[in-house]
Amino acid sequence: MTTASDCFHCGLQVPPYSDFRLAIDGQQRDFCCPGCQAVAAAIVDGGLEQFYRFRTASATKPEERAVSAKRFEVYNLAEVQLEFVHALGEDRLQASLLLEGITCAACVWLIEHHLGKLAGVMSVRVNATTHRCLVDWQPSQIDLSDVMVALESIGYHPIPATEDRQQAMRQTESRRALMRLAVAGFGMMQVMMVAVALYSGADASWEGFFRWLSFIIATPVVFFSARPFFAAAKRSLLTRHLTMDVPVSLAIGGAYLASTWATVFGGGEVYFDSVSMFTFFLLLGRYLEMRARHRNGIASDRLAQLLPVTVERMDADGGWQPLPLSGVSAGDLILVPAGTTIACDGVVEQGRSAVVETLLTGEPDAIDKQSGDQVIAGTLNTDSALQIRVSAVGASTRLSAIERMVEQAQQDKPAQVAMADRLAGYFVAAVLVVSAVVGAVWWQLEPGRAVWVTLSILVVTCPCALSLASPAALTSAVGWLRQRGLLVTRGHVLEGLNHIDRVIFDKTGTLTLGSPQVVSVVSADDAIDEARLLEICAALETGSTHPIAKAFAPYVSGVEMDNVEQTTGAGVSGVLEGDHYRLGKPAFACAKETIAQPEGQGQWLLLSRNQKPLAWIQLHDQLRESALPLVKALRARGLSLELLSGDAEAEVSRVAAELEFEHWRCNCSPDDKLAHIRDLQNRGQQVMMVGDGINDVPVLSGAFVSVAMGGATDLAQTRADSVLLGRDLRALARAFDCAALTRRIIRQNLSWAIIYNLLALPLAAAGWIPPWAAAIGMSLSSLVVVGNALRIGRRSPEATAV
Numbered sequence: 002m003t004t005a006s007d008c009f010h011c012g013l014q015v016p017p018y019s020d021f022r023l024a025i026d027g028q029q030r031d032f033c034c035p036g037c038q039a040v041a042a043a044i045v046d047g048g049l050e051q052f053y054r055f056r057t058a059s060a061t062k063p064e065e066r067a068v069s070a071k072r073f074e075v076y077n078l079a080e081v082q083l084e085f086v087h088a089l090g091e092d093r094l095q096a097s098l099l100l101e102g103i104t105c106a107a108c109v110w111l112i113e114h115h116l117g118k119l120a121g122v123m124s125v126r127v128n129a130t131t132h133r134c135l136v137d138w139q140p141s142q143i144d145l146s147d148v149m150v151a152l153e154s155i156g157y158h159p160i161p162a163t164e165d166r167q168q169a170m171r172q173t174e175s176r177r178a179l180m181r182l183a184v185a186g187f188g189m190m191q192v193m194m195v196a197v198a199l200y201s202g203a204d205a206s207w208e209g210f211f212r213w214l215s216f217i218i219a220t221p222v223v224f225f226s227a228r229p230f231f232a233a234a235k236r237s238l239l240t241r242h243l244t245m246d247v248p249v250s251l252a253i254g255g256a257y258l259a260s261t262w263a264t265v266f267g268g269g270e271v272y273f274d275s276v277s278m279f280t281f282f283l284l285l286g287r288y289l290e291m292r293a294r295h296r297n298g299i300a301s302d303r304l305a306q307l308l309p310v311t312v313e314r315m316d317a318d319g320g321w322q323p324l325p326l327s328g329v330s331a332g333d334l335i336l337v338p339a340g341t342t343i344a345c346d347g348v349v350e351q352g353r354s355a356v357v358e359t360l361l362t363g364e365p366d367a368i369d370k371q372s373g374d375q376v377i378a379g380t381l382n383t384d385s386a387l388q389i390r391v392s393a394v395g396a397s398t399r400l401s402a403i404e405r406m407v408e409q410a411q412q413d414k415p416a417q418v419a420m421a422d423r424l425a426g427y428f429v430a431a432v433l434v435v436s437a438v439v440g441a442v443w444w445q446l447e448p449g450r451a452v453w454v455t456l457s458i459l460v461v462t463c464p465c466a467l468s469l470a471s472p473a474a475l476t477s478a479v480g481w482l483r484q485r486g487l488l489v490t491r492g493h494v495l496e497g498l499n500h501i502d503r504v505i506f507d508k509t510g511t512l513t514l515g516s517p518q519v520v521s522v523v524s525a526d527d528a529i530d531e532a533r534l535l536e537i538c539a540a541l542e543t544g545s546t547h548p549i550a551k552a553f554a555p556y557v558s559g560v561e562m563d564n565v566e567q568t569t570g571a572g573v574s575g576v577l578e579g580d581h582y583r584l585g586k587p588a589f590a591c592a593k594e595t596i597a598q599p600e601g602q603g604q605w606l607l608l609s610r611n612q613k614p615l616a617w618i619q620l621h622d623q624l625r626e627s628a629l630p631l632v633k634a635l636r637a638r639g640l641s642l643e644l645l646s647g648d649a650e651a652e653v654s655r656v657a658a659e660l661e662f663e664h665w666r667c668n669c670s671p672d673d674k675l676a677h678i679r680d681l682q683n684r685g686q687q688v689m690m691v692g693d694g695i696n697d698v699p700v701l702s703g704a705f706v707s708v709a710m711g712g713a714t715d716l717a718q719t720r721a722d723s724v725l726l727g728r729d730l731r732a733l734a735r736a737f738d739c740a741a742l743t744r745r746i747i748r749q750n751l752s753w754a755i756i757y758n759l760l761a762l763p764l765a766a767a768g769w770i771p772p773w774a775a776a777i778g779m780s781l782s783s784l785v786v787v788g789n790a791l792r793i794g795r796r797s798p799e800a801t802a803v
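Oh and the sequence shown: position 15 is 16 in the numbering used here, straight run, nothing missing.
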């Protein structure tokens, strides 16, 4: 904190005769200039005066920040926002920013509360570790530049969070950790050599010299290598939340201070060798954990690194010209040679080749692509060159959408992790009390051993393994499922799968391929031929994302329908040459008059003109090959299965019979589906919903655990807890197995952590574990937990939990 002559906001000296003051926390505070006073007044007026209570560093001066609204106005341009802003819905955008100046939890608290008070800002989430800030806002009420100015005004400079900047931050973190580890390792080796001379019985004339030499070597280890422990401990104490860094910092700082006192004033024991040794082992354990986290967590999901830097685009003369990927826009025609990665989402315009989508869907087999087929950024073209008409680039691609969902999942904290964090806090408090009691007892019995016995207790019982037990296993499991085609986007999924009683499936696009085909047309008006009827249907379905629209894509002609409207769960309507046409369920197409539905399997749609029936259209959608194996696998687990569809009874009953469903419902509207789900859950059942399409959004939001198909609408995917990226439904069965194994490994990790601490505590209290051995034991305990969790990621694709 500042002194009486220091500016309360920035910490600089207050000039003589300065009279800039403000009442904060009932006291008059001095400021060096009107700028600091104004910023402090803004913080206090916003109800954020607790920032000064929790901060760990003084803020920068206003003139140093040079807040300028014009500097950020460029970020209001849509073309500039492409890389770091994406739409969440109508009049709602989300920006991903990296913030400079974050040092502690107080910074996170201030940013989230300060931005949260701005009109138009919907939510703010800040990650203190990655310095990444996710801001959701309404562009109709506030500009992004205003949000960035608000961040700058309280001392945090925002920059767009792009992949290269995030990668640079990870590299910086790794280099810094490695440097601290190297200094600790070098200091440990040197001080141990000096300790040999001390322990071997150096005479009094040399003892003082060796002690001072040990002090000189151990000092950079404590003040540089161990600095993260002290910073984290201070942070946790200021926020009144005990973490593992508190006892570690007490052990390192206490041993160093006691040894320094003994060196300066003579007498007593020195513990510089123990300080250096367990600092090294603690840092080694954390470094290995960090590497595992980078490998299995963040780094494994940054697939954008695989995209090529340049592409070949057709110019105005019909030639191919190389240009940076950032210069490509939707509508361009690009050439993708064999053996290269596809850089953008698009549609094959010319050529035929096999494309491997393993990195996105988890399916190893190459998929044949030809003219008219869609391709995805990040997939590999294997056989021959393809000419692709670009439909999406950069942040608009499906690859970027997957990354955003992964990032969203990383923000969530499952109940298991939150519980472990709470237990760790109570455990640390208990350790501090026990250490104080044991230290006092040893001080009475044998003062010479009291210090290092207390240090051993503080270190050996550190709850690192307890804190890592759940997140390490969950991270490994999420990565394993991601590689097998199931993208987990909510933190509770793996925990929730172990409690599921009933699994409910949508039909079209879920259990079926979602690509229906027109089988027959039964006309009620001989004056209109079949081709004309199909052209009218295709015009009605133009622009629709519903799977049924795909059936009429081959019949698109020059017919243009006006006032097209889609009624969820019923059909589509439009106006052509003054006549009103409707296509969908009979009750929707003809409210008063109808004709008998023809015989035959499949889905029947009725086309009407001015409320009079024109024709029945028969569609057939093929079942997925993996649908029946999935149903059998889930039934073998003892789960209740149900088919819930908005289609007519004939088609739903056919699919239910083929898949051996005992429970099924037809003609269900989105409200009917949601009401059914809620009724089941009110009766105590935990329901998992698997769906596809806009009509499944409400029920996906209401289910305990939900899965959206990879081809589902963007809205359905954002509302679901997980997304099936590939075509293989058996990934859902593997998810249940993986969830069971993950729960078992978490229990093993928690059991190990508890048993280890119960055994280590009495041994350390009895004086049988020296501080250096305590550091090794604590590090090994953490590594055992991490290694056990990584077993999930080494399982074979077909492995089960038994």
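Quick reminder that beta carbons are idealized off the backbone N, C-alpha and C, glycines included.
Between C34 and I143, the alpha-carbon positions lie close to 30 Å from each other. The beta carbon of S524 sits closer than 6 Å to the beta carbons of A616 from its chain, once the five residues preceding and following it are set aside; these are given in chain order.
Rounded to whole angstroms, L640 and A736 show a C-alpha spacing of 14 Å. Going by DSSP, H87 is part of the beta strand (DSSP E) stretching over V86 to G90. The residue among L608, L145 and A441 with its C-alpha nearest the C-alpha of D526 is L608.
A Cβ-Cβ separation of about 6 Å places G603 in contact with E652 under the 8 Å criterion. Taking a contact to require three or more Cβ pairs closer than 8 Å, the segment 720-731 and the segment 624-634 qualify as touching. Nearest in C-alpha terms to S397, of all of S707, A790, T173 and L94, is L94. Exclusion of the five residues before and after P517 leaves T509, P548, I549, K551, A552, Q604, L620, H621 and D622 as the residues of its chain whose Cβ lies within less than 8 Å of its Cβ. Three or more beta-carbon pairs drawn from the segment 745-757 and the segment 782-798 are found closer than 8 Å, and the two stretches are therefore classed as touching. The C-alpha of P16 lies about 9 Å from the C-alpha of D7. The distance from the Cβ of A539 to that of S521 is about 16 Å, inconsistent with a contact at the 8 Å cut-off.
F9 and R228 have their C-alpha atoms spaced approximately 25 Å apart.
Around the Cβ of H500, a 10 Å sphere holds fewer than 16 other Cβ atoms; the residue is exposed.
Exclusion of the five residues before and after M123 leaves R93, D137, W138 and Q139 as the residues of its chain whose Cβ lies within less than 7 Å of its Cβ. A Cβ-Cβ separation of about 6 Å places R610 in contact with Y582 under the 8 Å criterion. Between V452 and Y272, the gap from beta carbon to beta carbon is short of 8 Å. Each residue's CA atom was taken as its position, placing E661 and R636 some 10 Å apart. The Cβ-Cβ distance between V460 and A41 does not fall below 8 Å. With a contact defined as Cβ atoms closer than 8 Å, T342 and G379 qualify at about 7 Å.
Your pair A151 and L119 checks out as a contact, with CB atoms roughly 6 Å apart and the cut at 8 Å.
The closest CA to that of T280, considering only V249, F266 and A259, is found on V249. The DSSP-derived three-state label of M562 is coil. If the five residues before and after V560 are omitted, its C-beta is found closer than 8 Å to the C-beta atoms of E536, I537, A539, A540 and L577, all from its own chain and listed in chain order.
Around the C-beta of D147, 16 or more other C-beta atoms lie within 10 Å, and the residue is accordingly described as buried. Pairing I505 with V706 gives a Cβ-Cβ distance that is not under 8 Å. Listed as beta-bridge partners of G585 by DSSP are G572 and L607. Distance from the Cα of A252 is smallest, within the candidate group D680, V494, D738 and L433, for L433. By the Cβ rule, the segment 481-498 does not count as touching the segment 661-671, because fewer than three pairs are nearer than 8 Å. The segment 305-392 contains, as complete alpha helix (DSSP H) runs of 4+ residues, the segments 359-362 (chain order).
For K613, the enclosing beta strand (DSSP E) starts and ends at K613 to H621. Across the structure, V337 and S392 are spaced so that their CA atoms are roughly 15 Å apart.
Scanning L701, T261, A649 and A185 for the CA closest to the CA of S226 turns up A185. Between Y257 and A232, the gap from beta carbon to beta carbon reaches 8 Å or more. P448: member of the alpha helix (DSSP H) spanning P448 to V461, first to last residue. Of the residues A765, Q38 and G27, the one whose Cα lies closest to the Cα of I155 is Q38.
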